[in-house]
Structures are given as structure tokens and as C-alpha cells.
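Number of protein chains: 2
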Amino acid sequence: MIHSLSLSDVLAEHARSRPGTTAVVDGELRLSYPELDARVSRLAGALAGRGVGGGDRVVWLGQNSHAVLELLLACSRLGAVFCPANWRQSADELRFVLQDLGPAAVVWEHSDTLGALDHDERWVRAGADYEELVAGGPAREFPQVADAEPVLALYTAAFDGRPNAALLSSAALVAHATSLLVVRQMEPGFTFLNNGPLFHVGTMMFCLATLQIGGTNVFTPAFDPEEVCRLVDAERVTQAFLFGPMIDAVVKANAGGKYDLSSLRFVAASDEWNAMITVDDSPWCRSKMGGYGQTEVGGMLTFLGLAEGGAGYAGRPSPLAQVRIMGPDDVEVPAGEVGEICARGKTLFSGYFARPDLNAEKLRNGWHHTGDLGRREPDGTITFIGPKLRMIKSGAENVYPAEVERALKSHPAVADAAVIGVPDPAWHQAVKAVVALREGAAATTEELIEHVRGQIASYKKPREVVFADEIPKRGFTPDYDAIDAAHGGGNYPGSA
Amino acid sequence: MIHSLSLSDVLAEHARSRPGTTAVVDGELRLSYPELDARVSRLAGALAGRGVGGGDRVVWLGQNSHAVLELLLACSRLGAVFCPANWRQSADELRFVLQDLGPAAVVWEHSDTLGALDHDERWVRAGADYEELVAGGPAREFPQVADAEPVLALYTAAFDGRPNAALLSSAALVAHATSLLVVRQMEPGFTFLNNGPLFHVGTMMFCLATLQIGGTNVFTPAFDPEEVCRLVDAERVTQAFLFGPMIDAVVKANAGGKYDLSSLRFVAASDEWNAMITVDDSPWCRSKMGGYGQTEVGGMLTFLGLAEGGAGYAGRPSPLAQVRIMGPDDVEVPAGEVGEICARGKTLFSGYFARPDLNAEKLRNGWHHTGDLGRREPDGTITFIGPKLRMIKSGAENVYPAEVERALKSHPAVADAAVIGVPDPAWHQAVKAVVALREGAAATTEELIEHVRGQIASYKKPREVVFADEIPKRGFTPDYDAIDAAHGGGNYPGSA
């Protein structure tokens with residue numbers, strides 16, 4: 001256990017190393033690291049008193065709050081697993097999550113949907129009841145919990161329509177946070193405004209990196225541009241969870257320069273934005289922000305900031321992870337070829353909660369299979385192609401619809417496209433494209449096929465193109481079952 | 001094994017992610033990451049062919065060379081342990097190391113001492129013989145080695161006159177490298193000049209951080225100021241192993257600006273130096289460089305760069321480690337009190353090679369006991385006091401000689417001081433100081449006792465002060481046995 005460093009350990013160290021640093025700001029509440037540490041110990045004691053033990057689940061249903069971080073840290077101290085669930089889901093979806101996790105405690109904020117669910121003695125209302133719980137917790141010591149134990153469950157990956165809870169250990173979260181410290185060049189004094197949803201890894205990962213470096217986490221219930229401006233000004237925030245349209249909204253809210261946003265060190269955007277903030281030159285901010293990631297890798301697997309000028313749209317791997325682009329037989333494909341993005345390393349999740357079969361499949365042969373397609377470019381950078389939803393088998397060749405769709409959509413006349421496999425007596429399957437053109441645009445089948453051939457291997461080009469008004473969707477991806485049914489798809493490898 | 005990331009894995013990833021990056025420069029030799037990866041695989045295969053297996057030791061005896069990094073990485077690939085030993089030791093000391101480790105292979109450079117040792121078929125001469133070994137290695141795959149396995153052995157900690165080999169795992173080395181990436185804000189493109197001895201953790205830790213971020217390691221046999229200038233200029237070096245007098249020597253060698261050293265991003269020093277280089281503003285360079293460290297924690301345990309303006313001389317802990325200041329009963333002492341610096345976390349060593357009793361003692365109760373005294377200041381920063389060589393028991397109180405010596409030496413008249421415990425019928429021991437005054441300076445016993453009382457707790461002040469011309473030393477520390485014998489010391493806790 002001498003090598004173990006749990007989230008609880010990180011907090012315990014900061015309580016000693018940074019007694020004068022504000023750990024948490026949430027409305028009127030301000031907690032130094034020693035105060036946060038003391039509250040987390042009392043909360044852990046109170047949860048233990050309510051029967052929460054090692055491996056038990058604790059659920060938060062509500063907007064952003066200091067309670068999210070406290071519950072996570074208390075679960076780390078106890079060896080329990082914390083799940084900040086998406087409180088905006090339907091009653092049916094929420095019931096699924098609660099049944100799936102079987103939590104030993106639920107802390108919730110009122111909403112019409114949440115209020116109408118069945119409550120029992122495991123439920124604690126956020127606000128006064130939660131504060132009472134913390135205040136009543138006994139002052140006690142907890143034995144060390146190994147950092148390999150899962151501590152955070154985030155729902156994601158609805159492969160079959162229902163989501164799965166990715167389990168992240170303290171070791172993975174600490175490693176991922178450290179990778180952000182490297183790429184974002186975070187230093188003590190970093191102040192993060194948690195204005196994105198904490199049930200999503202995108203906000204949670206910066207919250208935890210801020211904890212890791214001993215910075216300050218400011219919580220606000222949700223994104224409100226004016227409130228973001230006010231908090232940045234008042235708390236001298238270094239970074240918030242902002243991109244594209246959110247940045248535009250902040251610029252608009254701060255028209256006239258009512259608030260001083262110069263403490264924000266962030267990516268360049270419009271001239272107005274750049275004039276309000278301090279444009280940061282860390283790799284994370286200097287490049288186009290981001291990379292490729294998913295909850296199962298702790299957040300980011302590749303960083304654009306580690307591949308400036310690189311060919312791949314997703315950058316280079318985290319210094320704490322490995323990436324392989326694998327063929328369907330789990331053999332690495334050569335650079336330039338598309339395959340499934342697979343990952344291994346310190347930031348990886350520990351499988352999905354209570355999904356042994358899925359875990360065996362996703363984690364086979366010592367690699368996590370992300371379910372996403374990518375390509376290693378000749379310069380070693382990674383391009384993210386799209387989700388690996390289907391594979392078409394044409395002769396001996398594997399064709400991934402997402403790659404062909406990407407090529408089709410790069411044609412200026414194409415608004416949307418979906419690619420399916422249709423049974424073929426000679427080749428097992430043939431590639432068929434369903435294309436929705438932009439309003440007023442025109443393109444022939446031959447032209448589109450030639451366009452695809454100019455971009456990817458010839459055997460991947462559609463043999464047939466049909467036009468449709470729109471592509472039916474399931475979430476963000478084509479509804480392949482519906483498209484197969486409408487356009488004669490079938491004979492997929494592995495199908496009966 | 002999905003969470004494992006060995007040094008060999010880091011190299012294997014870079015071979016894919018950075019095919020165009022130079023990994024190693026050594027004289028005429030330049031290796032890209034794929035070339036280094038291929039050489040390491042062949043070397044590992046050749047070593048395996050010579051009988052080197054999991055857990056076996058491989059020793060390097062020579063100056064800095066690309067071979068040091070290659071042997072370390074080949075041992076990681078094989079699951080063996082690599083020891084770059086201090087080749088400048090006496091024949092007797094070298095024989096001790098070789099007998100202690102029982103290496104399965106020794107790669108050596110000629111020196112009079114090394115040439116006179118007994119050689120057998122395990123010995124391979126650096127240079128042509130080593131190159132032949134690499135060239136003859138079979139191209140083969142190696143099974144994954146868990147990153148918790150020890151991979152590097154560095155001799156240190158000569159507690160009883162003979163050194164002990166601290167074993168560092170890949171996991172610890174990767175974690176420590178990552179902590180340097182954070183504090184030094186290292187980015188891809190970082191080029192490190194290995195001009196300090198690679199048998200010491202101070203140079204090795206930056207070599208490995210450079211590997212971790214996919215930068216370039218330049219090797220030069222030893223420190224030569226003119227050659228440092230030439231290499232910085234030619235290879236656009238970002239950082240070299242330089243401090244104090246070495247910086248002065250480089251400035252002198254580059255008088256007239258013969259070489260362009262502007263690629264060096266490093267700490268400010270003299271005006272001349274600052275004008276030659278680019279003064280860096282990462283936490284590592286912005287503050288006074290360094291902190292507190294030792295081989296057993298992978299290098300650095302605390303960083304000054306994480307505690308700008310802090311009270312403690314050693315800064316704040318690494319984001320990947322915990323520090324406790326413990327009393328002799330292994331209970332944490334309050335802030336402001338001196339105790340032993342103890343550590344836990346991702347960068348920690350795995351014990352000393354073949355020292356089960358010492359390991360049980362040093363790693364007791366889940367913490368590594370550094371053998372050094374420190375104090376947590378009220379602001380949470382750490383002050384390093386000195387080695388914990390002795391403890392004096394006076395009444396119920398523990399008095400560490402190093403703390404009292406530090407207080408004495410802060411008096412302007414004092415050149416050196418040693419503090420011992422003398423038997424006392426009432427208090428078990430009494431504190432006695434032996435003081436060497438600066439030439440021409442004068443101070444009375446009463447004055448020195450008052451001076452100490454003004455700085456530390458009154459019970460720690462010497463009851464008696466005697467003056468001596470000089471303090472006998474063993475290495476850098478007082479020879480307490482000799483001083484006890486000369487001045488009546490004895491009755492130490494634990495002594496007969």
C-alpha cells in the first residue's frame with residue numbers, strides 16, 4: 001500500500017500542505033483544504049453510520065454542487081463508489097440507473113421528476129438535510145483504501161439503448177488528472193469554475209485535476225453566462241467549462257466589459273473574447289483544444305496539444321496511456337489503415353459496473369476496445385473516424401461505414417450520409433450509400449463514388465448510391481436497423 | 001494488466017506516435033524512436049540469449065552513453081533489473097556491488113580499475129562488443145511485464161558504510177517522470193543533455209522525463225563545459241544537468257558568445273548567463289530550483305516550485321506523493337515540530353535489493369522512513385533539517401542533533417557544530433554541543449545557548465558547549481562515534 005494514492009489521500013495531503021488555500025467555493029460556502037478534509041471525514045462517518053460500506057454505491061441526483069466533490073471524496077475515504085447521475089433523465093431512465101446500481105444512499109435535489117420517484121430511508125435531500133448529515137458525522141479515522149478500488153461510476157456507452165456505468169479507480173483518476181496537469185500546465189493557484197455538468201467526464205476531469213494540484217474548485221449549478229462572468233471576476237477563475245457557443249454567450253453577457261475576465265487563461269476565439277481574457281499558451285490552449293476521449297479512459301486518450309502541426313485530427317496519446325489501432329482479429333493494423341482505437345494504461349477504467357460479459361468483450365486481450373474507429377497517420381498522430389457501429393465484409397476486406405460516411409460528407413453537396421452492407425453473392429456484402437443532399441445542391445451517383453475513391457481505398461467506395469431526404473437517426477448516429485430495413489441491408493459478419 | 005505502463009511500453013508507444021522524432025543522440029549515433037525501439041528489442045533478445053531472465057540484474061560500468069538508456073529499456077522489456085553503477089568507485093567498492101547484485105550481465109567501459117577486476121563470460125565490453133551484441137539480437141516479441149516490477153537499481157543510502165541498491169519499478173519511474181513533466185512544464189520537443197552521472201537519480205530522472213514526453217536525450221560522457229556549449233548549440237538542447245559552479249564554467253567557456261545557447265530554457269543566474277540562455281518561467285525554473293528528494297522516492301519528494309513564497313526550504317510535496325512528519329513512535333507530529341520525513345505514493349521505491357530486514361524497518365507501518373529530519377511549517381510547506389543520525393532523549397523529549405546544529409550554525413561566529421547526548425542521572429541524557437568557531441570570531445557558551453533558545457524549543461538547547469578546532473566528519477556528516485568518545489556521549493535511546 002506504500003504506492004497507493006487515493007483521492008482521499010490527495011485531500012489528506014492538501015489539508016496539511018495547503019492549510020491556507022480555498023478548496024471549494026459554492027455560493028456563500030467557502031472551504032479551505034483542512035475544512036474540506038474535516039467535512040469529508042464527517043460525511044464518510046455519517047454514510048458509514050447509514051450502512052454504506054466498501055464497494056457500496058452512493059448516488060447524487062442534482063445540479064453541480066460542492067456536495068458532488070464531497071460525496072466523491074467521502075466514498076474514496078470509505079472505499080465506496082460514487083455516481084453523479086444525470087438528474088435530467090426521464091423517470092424511466094432514472095429508475096433504470098437506481099435499479100442497476102442498487103445504491104446504499106441517494107442524495108437528491110428536488111425536481112418534478114425526482115420528487116415523483118419512490119423514496120425510502122436511503123434518500124437524503126440536498127441542502128439542509130445533507131448539511132445535517134455532514135454535521136452529525138462522527139470524527140473518526142478510516143483505514144487506507146487501495147487506489148486500485150473503483151471510486152467513481154459515470155453512466156455512458158448505451159450500446160444497446162441502456163447506458164452502462166464506467167467504473168474509475170482513484171489510481172486512474174489521479175493519473176488522468178496528472179495528464180491534464182501536464183498538457184494544461186496547471187499550477188498551484190489554478191481556479192476552475194465547474195459550470196458544465198459534473199455527471200459528465202468533461203467537467204469532472206478538470207474538477208479532479210484542480211484538486212490534484214491543490215487549486216480551487218468553484219461550483220455553479222449550471223451554465224449561466226452572466227453568472228459565469230460574475231464568478232470569474234469575483235473568484236479570479238483560471239478556467240471554466242466553455243466552448244464554441246458558450247464562449248459567444250459569455251462575450252455577449254460581458255459586452256461593455258462589466259466584469260474583469262482577465263484571470264481566465266484560455267483558448268483564443270473571437271477578437272472580443274481574446275481582449276477580455278488572457279490567451280493561454282499551454283499545449284491544451286495553444287492548439288485546437290481537446291483530442292479524443294471517452295469516459296472509459298478517464299477523459300482524454302489523445303491530446304491535440306501533444307501533436308502541434310500533426311496530421312491526425314485527434315493528436316497524440318496521453319503520456320500515461322498506449323493506443324493501438326486494431327483490426328477485427330485484434331491484430332494491430334499498419335499506419336494509414338482504419339481500425340478500432342484500443343487503449344491501455346494508467347488512466348483506464350476498471351470495466352462497467354455489473355456487466356461481466358460486456359467487460360470480457362471490451363477488455364479482451366489486455367486492451368480496452370473503445371468502440372470507436374481511428375487511424376494512425378504516417379506521422380504517428382491519431383485520427384478519430386467515428387463510432388464502430390457496424391462492419392461490412394466485402395470479399396476479404398473490412399469496411400467501416402463511418403469511414404465511408406466521412407468521405408461522402410466531405411463532398412460539398414452532401415448534407416448527411418449513411419453506409420450499409422447489402423448481401424452480395426460474390427463478395428458476401430457490397431457497400432451501399434444512402435445520401436441526403438444539401439438543399440438546392442446536386443450530385444450524381446458517379447460523382448459521389450469518384451469523390452470517395454479519391455479519399456479512401458477503392459474497395460471501400462459504394463457500389464450503389466441512393467438518395468433520401470434525410471438519414472434516420474438514433475441519437476447522433478444513423479439508425480442502421482431502420483436504414484437496413486428500408487434499403488436491403490444484411491449479411492453482416494457475425495449475423496445469422 | 002490493462003493499467004500497466006512500463007518503460008518498455010512508453011518506448012513502444014513513442015515508436016508509433018513519434019516515428020520522426022530523434023530519441024537519442026550520442027556522438028555520431030542518432031536514433032529515432034522506432035530505431036531505438038528496434039535496438040532495445042534486439043538487445044533484450046540478445047540478453048535473453050545470454051541467460052538474462054525476469055528479475056535478473058544487468059550492470060553498466062562506465063560513463064554516460066546511449067547504452068545506459070538502451071540497457072534500462074531492454075531490462076524493462078525483459079523484466080530484468082538494470083543497475084548503472086558508479087564506475088569511479090574503488091576496486092573494493094566495485095567488488096562489493098558486483099557481489100551484492102550477482103549480475104547476469106555486465107557491460108563495461110575500460111578504466112584501470114575496471115580492467116583489473118575479475119572478468120568472465122558475463123562481461124561485455126562497451127563499444128564494438130556491445131554493438132555486436134545489439135546487432136546479433138533476434139527480432140522477437142516479449143510478453144507484457146507488469147509495471148510494478150523493479151526495473152532500475154541505484155546504489156545509495158550507505159547507512160552502515162556499505163551502500164544499498166534502491167529498487168525502482170517502472171510504475172514509480174513513470175510517475176516520477178510525470179511529476180517532472182508537471183513542475184518543469186516539459187513539452188514534446190524537450191531535449192535533455194545528459195551531462196551529469198547517470199548512476200545518480202538527479203540526471204536519470206530528467207533522462208526518463210524526457211523519454212516520457214517523447215523528447216530527445218543527448219548523451220555526453222561527462223561534464224565538459226566547452227562540449228556542453230557545443231552540444232546545446234548543435235542539438236538545440238532545452239535543459240542540461242547544470243547548477244552553481246557548472247553554470248559558471250559554461251558561462252566562461254562561452255565567453256564571447258561563440259555558441260548559441262538560446263535554446264536552453266533554464267533558471268536565471270548571473271546576468272551573463274541570463275543573456276546567453278532563455279530564462280524559463282516554469283515552476284521548476286521560476287523558483288529556486290529543486291526541493292527535497294532522495295533516490296528512494298524516485299528523485300524529488302517535494303518541489304520548491306509548488307510553494308512559491310512558502311516558509312519551508314524544501315517546498316511542497318509532489319502531486320503524486322504524500323508526506324508525513326513522524327515522531328519516533330510513528331505518530332505524526334504537529335506542524336512546527338521536527339520529525340522524520342516519511343513518504344508514500346506513486347513515485348516510491350520498492351525497497352532495497354536483498355535487504356529484507358532494512359526494508360521491514362524503513363517501510364514499517366505503510367510509510368517509507370527517509371532517514372531525514374523535516375518540519376511542516378504553519379503554511380504547510382516542508383523544511384528539510386538534516387539527516388536523522390541520532391536521537392537524544394532528554395526527559396520525555398526527543399532532541400535531534402541536526403536541528404540543534406542548524407540553530408548553532410546560524411550564529412555568525414560558528415563555523416561548524418555537532419550535538420551529542422551525554423548521560424544524565426535525572427534526564428537520561430543532556431544535550432551537549434561541540435562548536436568550531438570561525439577564524440577570528442568569538443562567542444561565549446552563554447551567548448550560543450541563548451542564540452539556540454531564540455530559535456527552537458528551550459528543552460533542545462545545549463546545557464553545555466565546548467569548543468573545538470574542527471568537527472570530525474564521516475563524509476558530509478559529523479563522526480558522532482568519534483565525538484561521543486572524545487566528549488563523553490552515551491546513553492542514547494536503544495543503546496545498551
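Chains as they are written, first to last, in the UniProt record's numbering: chain D, 1 to 496; chain R, 1 to 496.
Beta carbons: idealized from backbone N, C-alpha and C, even for Gly.
Contacting residues, own chain, Cβ-Cβ under 7 angstroms from residue i (five flanking each side not counted)
i                      : result
residue 150 of chain D : 81, 167, 168, 169, 350
residue 213 of chain D : 181, 186, 187, 188, 190
residue 73 of chain D  : 7, 8, 11, 40
residue 75 of chain R  : 58, 81, 82, 151
residue 108 of chain R : 61, 62, 114, 123, 125, 126
residue 84 of chain R  : 60, 68, 198, 199
Proximity test, Cβ basis, 8 angstroms: residue i and chain R
i                      : result
residue 306 of chain D : yes
residue 429 of chain D : no
residue 38 of chain D  : no
residue 178 of chain D : yes
residue 171 of chain D : yes
residue 366 of chain D : yes
residue 309 of chain D : no
residue 77 of chain D  : no
residue 239 of chain D : no
Whole-Å CB distance - residue i paired with residue j, under 8 angstroms assumed
i                      : j                      : result
residue 302 of chain D : residue 385 of chain D : Contact flag wrong, Cβ pair sits at about 13 angstroms.
residue 422 of chain R : residue 490 of chain R : 7 angstroms
residue 371 of chain D : residue 388 of chain D : 5 angstroms
residue 339 of chain R : residue 363 of chain R : Rounded, the Cβ-Cβ distance is 17 angstroms, inconsistent with contact.
residue 42 of chain R  : residue 137 of chain R : 3 angstroms
residue 86 of chain R  : residue 219 of chain R : Rounded, the Cβ-Cβ distance is 17 angstroms, inconsistent with contact.
Short CB-CB distance (under 8 angstroms) between residue i and chain D
i                      : result
residue 141 of chain R : no
residue 293 of chain R : no
residue 35 of chain R  : no
residue 185 of chain R : yes
residue 182 of chain R : yes
residue 316 of chain R : yes
residue 296 of chain R : no
residue 505 of chain R : Outside the displayed span of chain R (1 to 496) sits residue 505 of chain R, for which this structure offers no information.
Cβ shell of residue i (< 6 angstroms), same chain only, five flanking positions each side left out
i                      : result
residue 33 of chain R  : 14, 15, 18, 21, 23
residue 464 of chain D : 432
residue 164 of chain R : 157, 352, 355
residue 404 of chain D : 419, 460
residue 402 of chain R : 373, 385, 386
residue 195 of chain R : 220, 223, 228, 240, 241
Assigned exposure category for residue i - 16 Cβ within 10 Å defines buried
i                      : result
residue 318 of chain R : buried
residue 536 of chain D : For residue 536 of chain D there is no data in the structure shown, the boundaries of chain D being 1 and 496.
residue 203 of chain R : buried
residue 326 of chain R : buried
residue 116 of chain D : exposed
residue 458 of chain D : exposed
residue 450 of chain R : exposed
residue 478 of chain D : buried
residue 300 of chain R : buried
residue 470 of chain D : exposed
residue 444 of chain R : exposed
residue 245 of chain R : exposed
residue 199 of chain D : buried
residue 153 of chain D : buried
Span of the alpha helix (DSSP H), counted from its first residue to its last, around residue i
i                      : result
residue 7 of chain R   : 7 to 17
residue 244 of chain R : 244 to 253
Under 8 angstroms by beta carbon: chain A residues contacting residue i
i                      : result
residue 379 of chain D : Judged by its chain identifiers, the structure shown contains no chain A, and its protein chains are D and R.
Range of the contiguous beta strand (DSSP E) that encloses residue i
i                      : result
residue 326 of chain D : 321 to 326
residue 340 of chain D : 338 to 345
residue 216 of chain R : 216 to 219
Residue i CB to nearest heavy atom of the ligand NAP below 7 angstroms
i                      : result
residue 101 of chain R : This structure does not include the ligand NAP; it has no bound ligands of any sort.
Proximal residues to residue i (C-beta, below 8 angstroms), its chain only, five neighbours per side dropped
i                      : result
residue 558 of chain R : Residue numbering for chain R in the displayed model covers 1 to 496; residue 558 of chain R lies beyond these limits and cannot be assessed.
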